[in-house]
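Enquirer: Chains as they are written, first to last, in the numbering used here: chain A, 136 to 246; chain B, -12 to 98. Even glycine gets a Cβ: it sits at the ideal position worked out from N, Cα and C. Note that the structure is a prediction, hence the values are computed from the model and not measured.
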Amino acid sequence: DTAVSQTPKYLVTQMGNDKSIKCEQNLGHDTMYWYKQDSKKFLKIMFSYNNKELIINETVPNRFSPKSPDKAHLNLHINSLELGDSAVYFCASSQVSTEAFFGQGTRLTVV
Amino acid sequence: GQQVMQIPQYQHVQEGEDFTTYCNSSTTLSNIQWYKQRPGGHPVFLIQLVKSGEVKKQKRLTFQFGEAKKNSSLHITATQTTDVGTYFCAKGSSNTGKLIFGQGTTLQVKP
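1) Does the structure place the segment 143 to 152 of chain A close enough to the segment 236 to 244 of chain A that three or more beta carbon pairs sit under 8 angstroms?
2) The beta strand (DSSP E) that contains A/S249, what's its start and end?
3) Determine, using beta carbons only, whether B/V0 and B/T66 come nearer to each other than 8 angstroms.
4) Against A/T166, what residues of chain B qualify as contacts under a CB-to-CB distance less than 7 angstroms, listed in chain order?
5) Name the chain A residues that come within less than 8 angstroms of B/Q20, Cβ to Cβ?
6) Consult DSSP for A/D205 and reduce its assignment to one of helix, strand or coil.
7) So A/K154 and A/I213 are supposed to be a Cβ contact under 8 angstroms. How far apart are they, rounded?
8) Taking the alpha-carbon of A/E193 as reference, which of B/P(-5), B/M(-8) and B/I87 has the nearest alpha-carbon?
9) If you measure between the beta carbons of B/V37 and B/N18, is that distance less than 8 angstroms?
10) Using a Cβ cut-off of 8 angstroms, pull out every chain A residue sitting near B/H29, in sequence order please.
11) Check whether the Cβ of A/V147 lies closer than 8 angstroms to any Cβ atom in chain B.
12) Using only the alpha-carbon positions, how far apart do B/T15 and B/K57 sit?
13) Using the three-state DSSP reduction, which class does B/T69 fall into: helix, strand or coil?
14) Any Cβ of chain B within less than 8 angstroms of the Cβ of A/E229?
15) Under a CB-based cut-off of 8 angstroms, is A/S174 close to chain B?
16) Give me the Cα-Cα distance between B/T93 and A/S232, rounded to the nearest whole angstrom.
17) Using a Cβ-Cβ cut-off of 7 angstroms (strictly less than) and excluding sequence neighbours within five positions of B/R47, which residues of its own chain qualify?
18) Please go through the segment 7 to 54 of chain B and give each complete beta strand (DSSP E) segment of 3 or more residues, from N-terminal end onward.
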């Protein structure tokens, strides 16, 4: 059983397209996150949801819109993709102040 | 203000040699977590340190938290090829679960 699963694993798309990444966790955690890892491996938080409510939005462009239909799911929709959006996007979940569990990552390539 | 500085960025060692990565913060940390990311993989939690001066060991890995709770280190004794990967420290938030990651140290081990 995969604790945090995200799909797709790879995503290649053209500039200007809209795409979504899905994430689900079966750990019963209250909090879910999206992190972006750039080509230099730097990991930066984008969003955090606690029980379906947005609690962190780290100055991410409006083209990125997270949606949490329930506390086990956190999806990420990206509009009008740009070359600079190419990165690996990780979903994660945790209970506050404890270890985070990461999904396998989605490698997004915008061409 | 919220950054966590991690050095070195890269380390190449011969198998059997020791390895250390260091994290520093300008502000007091409520806790610090360590993660390992294998090439092509996702971050995997190693440990969390909470108390001033805390030292924890996991087999060949030794984690330390400074007395002032502003720095931490991970030391690997007698590296093996299975230790290859990028090691991240991360500053944890006590109320949101948000992680602020250091830049990571990528370890290469020559057999």
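Expert: Well, looking at it:
1) Yes: at least three Cβ pairs fall under 8 angstroms.
2) Residue coverage of chain A in this structure runs from 136 to 246, which leaves residue 249 of chain A outside it and unanswerable.
3) By the CB criterion at 8 angstroms, B/V0 and B/T66 fall inside the cutoff.
4) Chain B residues near A/T166: G84.
5) Simply E234 and A235.
6) Strand, per DSSP.
7) Between A/I213 and A/K154 the Cβ distance is about 6 angstroms, and since that is below 8 angstroms, they are a contact.
8) Nearest of B/P(-5), B/M(-8) and B/I87 to A/E193, Cα basis: B/I87.
9) A contact, by the Cβ cut-off of 8 angstroms.
10) Ordered by position in chain A, the residues that pass the 8 angstroms Cβ test against B/H29 are F225, F237, G238, Q239 and G240.
11) Output row for A/V147: interface = no.
12) Per the coordinates, the alpha-carbon of B/T15 lies some 5 angstroms from the alpha-carbon of B/K57.
13) Reduced to three states, the DSSP call for B/T69 is helix.
14) Residue 229 of chain A is actually Ser in this sequence, not Glu. Interface with chain B (8 angstroms Cβ-Cβ cutoff): A/S229 is included.
15) Taking Cβ atoms only, chain B never reaches closer than 8 angstroms to A/S174, which makes this a no.
16) Computed Cα separation, rounded: 26 angstroms.
17) Only residues of its own chain outside the window of five on either side were considered, and among them I63, T64 and A65 have a CB closer than 7 angstroms to the CB of B/R47, listed in chain order.
18) The segment 7 to 54 of chain B is shown to contain whole beta strand (DSSP E) runs of 3 or more residues at 19 to 24, 31 to 36, 42 to 45 and 48 to 52, in chain order.
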